[in-house]
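One structure is given below, encoded as structure tokens.
There are 2 protein chains.
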Amino acid sequence: MGEDIQKKFIRRKPIEENVDGIIDGLLLKDRTMLSRAITLIESNADRHKKTAEEMLQHLLPLSGDSIRIGITGVPGAGKSTFIESFGLLLCNKGHRVAVLAVDPSSTLHGGSILGDKTRMERLANHPNAFIRPSPSGGALGGVHRKTRETIIACEAAGYDVLLIETVGVGQSEVMVRGMVDFFMLLVLTGAGDELQGMKKGIMELADAVIVNKADGRNLDLAKKTQREYKQILHFLQPATKGWTTPALTCSALYQEGIEQVWETVLRYMKMTKESGQFWESRKMQAKEWLYAQIKEQLERSFFGDNKVKSLAPEVEKKVMNEEMTVAKASGLLFDAFYEK
Amino acid sequence: MGEDIQKKFIRRKPIEENVDGIIDGLLLKDRTMLSRAITLIESNADRHKKTAEEMLQHLLPLSGDSIRIGITGVPGAGKSTFIESFGLLLCNKGHRVAVLAVDPSSTLHGGSILGDKTRMERLANHPNAFIRPSPSGGALGGVHRKTRETIIACEAAGYDVLLIETVGVGQSEVMVRGMVDFFMLLVLTGAGDELQGMKKGIMELADAVIVNKADGRNLDLAKKTQREYKQILHFLQPATKGWTTPALTCSALYQEGIEQVWETVLRYMKMTKESGQFWESRKMQAKEWLYAQIKEQLERSFFGDNKVKSLAPEVEKKVMNEEMTVAKASGLLFDAFYEK
Chain A
316 MGEDIQKKFI RRKPIEENVD GIIDGLLLKD RTMLSRAITL IESNADRHKK
366 TAEEMLQHLL PLSGDSIRIG ITGVPGAGKS TFIESFGLLL CNKGHRVAVL
416 AVDPSSTLHG GSILGDKTRM ERLANHPNAF IRPSPSGGAL GGVHRKTRET
466 IIACEAAGYD VLLIETVGVG QSEVMVRGMV DFFMLLVLTG AGDELQGMKK
516 GIMELADAVI VNKADGRNLD LAKKTQREYK QILHFLQPAT KGWTTPALTC
566 SALYQEGIEQ VWETVLRYMK MTKESGQFWE SRKMQAKEWL YAQIKEQLER
616 SFFGDNKVKS LAPEVEKKVM NEEMTVAKAS GLLFDAFYEK
Chain B
316 MGEDIQKKFI RRKPIEENVD GIIDGLLLKD RTMLSRAITL IESNADRHKK
366 TAEEMLQHLL PLSGDSIRIG ITGVPGAGKS TFIESFGLLL CNKGHRVAVL
416 AVDPSSTLHG GSILGDKTRM ERLANHPNAF IRPSPSGGAL GGVHRKTRET
466 IIACEAAGYD VLLIETVGVG QSEVMVRGMV DFFMLLVLTG AGDELQGMKK
516 GIMELADAVI VNKADGRNLD LAKKTQREYK QILHFLQPAT KGWTTPALTC
566 SALYQEGIEQ VWETVLRYMK MTKESGQFWE SRKMQAKEWL YAQIKEQLER
616 SFFGDNKVKS LAPEVEKKVM NEEMTVAKAS GLLFDAFYEK
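Rendered as structure tokens:
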């Protein structure tokens, strides 16, 4: 058998048996290979889990050298236009930009915030960019569980700026805050009205508030909104110790003020790296990730237990109607769990 | 044996064997009996747990008819003076007021926020008041775990206003918010400076912000601070849907504005009871309590396991130094846990 045929043979082996091939592909910055690596990471099949874990263990030493940026905003704040504009700026500066999404709603609504790549067509076509649509299926919460692993794969493949987009659903912002270095909140003009509908505590997660659509007839209002946000931020604790969370304006559509956002990120990186906070925070994030993972697994095994599942609704109802104490109810559920 | 001697005999039985006696005592609104009931609830002894549970199951139908008020504030905001002043006002109106504390710091610093009853001597001496110092020992987190049960006992003993004080340590405010109907935040003058040091998200837990020490030369500044808080609150989401969180001023020391705080609570109660939100929220709190309890127990059994405890520091360190993936680390810990 000639060597070429042998090679072809190896390449055709199922992905889960060819970790070395994927790793080599990532080191060659092969986008297709990165896609396949992420598919392996996101797979819920038991036979893929061990392989994915092995692959990640190999990739881990190659990861970490990047800027991880979280981006959130109310619907209509122009997140995709901003990400495209911001991503293109960075790609043109020579950075390699990966865009990921944490979208716990995708399974609920059948859609996906990054499902449609055409939303950011220009960025998607740039050779330095990699856009990963969020998974369209899987359990709620499954998405974010794999985003951290996906970050490792992207970094190993040489992407040095990661943009992690999230919609404001559930606890997704808190999750994303826990996996990025810098977190930005995109808002629209009319701070007062908008903030009324904004999620609690979100302002205090942000390292920058960016008033988008500051263009044309909207410009004056955007400047006013910026002042309002500055005022509120003055009263709140900054997300990062020692950092004064700025309120900026930009127009993603006309690519104005985007450079300034990047300068803010760089200034933040410089400050947190000089103080050592950057590494400290990454270490803490890794630690918290470990414990979050363990807790999730504990809860999954308990609440996924058939006996617990069949008993839970009844005792829950009794507790809610004050017919049963919590101690009694939880005791009954633990009895059901251990009674094998 | 005469009946009297028999009675005496029964009274002398260890508390854990005399649930009926305690329950009878509570129904007679006997403060000493309430203290004993709470001691039983707080006991960590295994032999007390079953009895406490049984007692609570009996008390549960007698509880619930009260206003549960959470009170927090930065150190120096005058929480004890406020609680004394507020509590006396209510006692004089004929209410029966119980004061409890959630103080996760007590075990750390050896002290206790309510340890010294003399802090509120006048209230403590009022026949309508019951003040329970926070437990001085026990595991961190143990305190709040029992506060909910203590609430049930107090209500069964006829206390219709519960004041639950907390210092701003750890997650104590979030915990207390989850067990009360109305949550108030006590602050001092100088909103800007003070808020900078205030815990994230705390403003969004409050149903009222109260600027204390609005008296004498401090009055003008207090009014200014009140305006500042109003402005911030305008931008934030209210803790309770449909309720506009007010900023009030008062002087606990001179008993000014205290009546107005009570009127605010009553207005809130009226609104939430009319909308049904009051009952809805109590039901949700009971449900969340159940699940919090279960999760805590799951984590305690996992992280309290000797094999897990001996392995955890090592894998945690490796995860923090990016030498081991989270999946690998959590897999190792679960292996250790199940390897019996």
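Residue numbers (the working numbering), protein chains in the order written: chain A, 316 to 655; chain B, 316 to 655.
We put the CB at the ideal spot given by N, CA and C, even for glycine.
Predicted model, so just to flag it, every value in this text is computed and none were measured.
Relative to the C-alpha of A/Ser-645, which residue among A/Gly-473, A/Glu-631, A/Gln-541, A/Glu-470 is closest? A/Glu-631
Does any residue of chain B bring its CB to less than 9 Å from the CB of A/Gly-516? yes
Counting pairs of beta carbons, one from the stretch 536-543 of chain A and one from the stretch 354-372 of chain A, are three or more of them closer than 8 Å? no
A/Met-348 - containing beta strand (DSSP E), residue span: Premise fails: A/Met-348 lies in the alpha helix (DSSP H), 346-357, not in any beta strand (DSSP E).
Please state the DSSP three-state secondary structure of B/Ser-645. helix
For the stretch 548-609 of chain B, which segments carrying the alpha helix (DSSP H) assignment without a break, of at least 4 residues, lie completely within its bounds, in sequence order? 573-589
Checking 9 Å against the spacing of the C-beta atoms, do B/Val-580 and B/Phe-497 come in under that value? yes
Are the C-beta of A/Gly-456 and some C-beta of chain B separated by less than 9 Å? Bear in mind that the predicted position of A/Gly-456 carries a pLDDT of just 44, short of 50, making it too unreliable to give a figure here.
If you measure between the beta carbons of A/Ile-517 and A/Leu-500, is that distance less than 9 Å? yes
Consider the Cβ of B/Lys-610: report whether some Cβ of chain A lies at a distance smaller than 9 Å. yes
Give the straight-line distance between the Cα atoms of A/Ile-356 and A/Trp-558, rounded to the nearest whole angstrom. 35 Å
Which two residues bound the contiguous alpha helix (DSSP H) that contains B/Arg-492? 487-492
Would a check of beta-carbon distances place B/Trp-604 closer than 9 Å to chain A? yes
Any idea which residues DSSP pairs B/Gly-388 with across the strands? B/Leu-501
Excluding the 5 residues flanking B/Gln-570 on each side, which residues of the same chain have their C-beta closer than 6 Å to its C-beta? Ser-400
Report yes or no: is there a C-beta of chain B within less than 9 Å of the C-beta of A/Phe-593? no
B/Pro-561 burial status per 10 Å Cβ neighbour count (16 or more: buried): buried
Taking a Cβ distance cut-off of 7 Å, strictly less, list which residues of the stretch 628-645 of chain B are near chain A, in chain order. Glu-631, Val-634, Met-635, Glu-637, Thr-640, Val-641, Ala-642, Lys-643, Ala-644, Ser-645
Hey, is B/Trp-558's beta-carbon within less than 9 Å of any beta-carbon in chain A? no
For A/Ala-454 and A/Ser-487, what's the separation of their Cα atoms in angstroms? Confidence in A/Ala-454 is poor, its pLDDT being 39 and thus under 50, which makes the residue's placement unreliable; the coordinate value appears in the next sentence. Approximately 14 Å, taken between the alpha carbons.
How is the beta strand (DSSP E) around A/Ala-416 delimited, first residue to last? 412-417
From B/Ile-573 to B/Thr-396, what does the alpha carbon distance come to, in whole angstroms? 11 Å
Measuring alpha carbon to alpha carbon, tell me which residue in B/Ser-350, B/Ile-446, B/Ala-537 is nearest B/Arg-411. B/Ile-446
Cutoff 7 Å; reference B/Phe-617; Cβ partners in own chain excluding five residues on either side: Val-623, Phe-652
Comparing alpha-carbon positions, which option in A/Ser-590, A/Val-526, A/Glu-578, A/Phe-593 lies nearest A/Thr-564? A/Val-526
If you measure from the beta carbon of A/Lys-598 to each beta carbon in chain B, is any gap under 9 Å? yes
For B/Arg-362, the nearest candidate out of B/Asn-333, B/Val-524, B/Ala-523 (CA to CA): B/Asn-333
Step through the CB atoms of chain A and report whether any lies within less than 9 Å of the CB of B/Ala-651. no
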